[in-house]
Structure formats: C-alpha cells, structure tokens
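Novice:
Numbering (our numbering), first residue to last: 1 to 88.
(1) Considering residue 14, what are the terminal residues of the beta strand (DSSP E) in which it resides?
(2) Roughly how many angstroms separate the alpha carbons of residue 55 and residue 70, rounded to a whole number?
(3) Identify, in the order they occur along the chain, each residue of the same chain with its Cβ nearer than 6 angstroms to the Cβ of residue 42, setting aside the five sequence neighbours on each side.
(4) What did DSSP end up calling residue 28 once you bin it into helix, strand or coil?
(5) So, helix, strand or coil for residue 61, using DSSP?
Structure representation (structure tokens):
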C-alpha cells in the first residue's frame with residue numbers, strides 16, 4: 001500500500017491537456033523500435049478517474065508496424081509517461 005494520497009500523486013506529475021498528452025504519447029511511441037509508423041489518434045480519460053495515471057491510449061494506428069511491437073511499446077510508453085503526466 002502506497003503512502004501517497006491521490007492529491008500528492010497529482011502534485012508530483014505535470015498536468016497536460018488531451019492534445020498535449022496525445023502528442024507526447026505519439027512521439028514516445030514512434031521512438032520505440034519497430035513503431036516508427038504507428039500513430040496515436042487520441043488519449044482518453046479513464047472513467048471515474050480523477051488524478052494520477054488517469055488516462056489511456058485506447059487505439060493505435062499501426063501503419064507498417066507490427067502489432068506485437070506496438071503492444072509492447074504502448075505498455076512501456078504509458079507506464080513511463082504515467083509517472084510524469086496526468087490528464088487535465
């Protein structure tokens with residue numbers, strides 16, 4: 001059990017609007033090996049989530065990328081960016 005409250009977590013992360021966070025997620029995804037052509041159309045808020053890792057990458061356009069590469073990359077990108085940013 002974490003000793004951080006929900007509000008403490010939000011204070012530790014930078015708030016980004018949907019467009020900013022989508023752009024960050026797409027740039028991070030495309031930087032992953034084999035995902036250069038993948039595209040993140042949008043990130044969305046998780047239902048009933050208030051702060052913290054309150055967003056998800058629901059869909060990715062694969063382009064020429066393999067789905068296995070994209071699946072791995074999406075999990076890595078969300079975990080990494082979720083420590084830095086929250087959706088406002």
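Glycine is no exception: its CB is placed at the ideal position from the N, C-alpha and C atoms.
Specialist: Taking the structure as given:
(1) 14-16
(2) 18 angstroms
(3) 22
(4) helix
(5) strand
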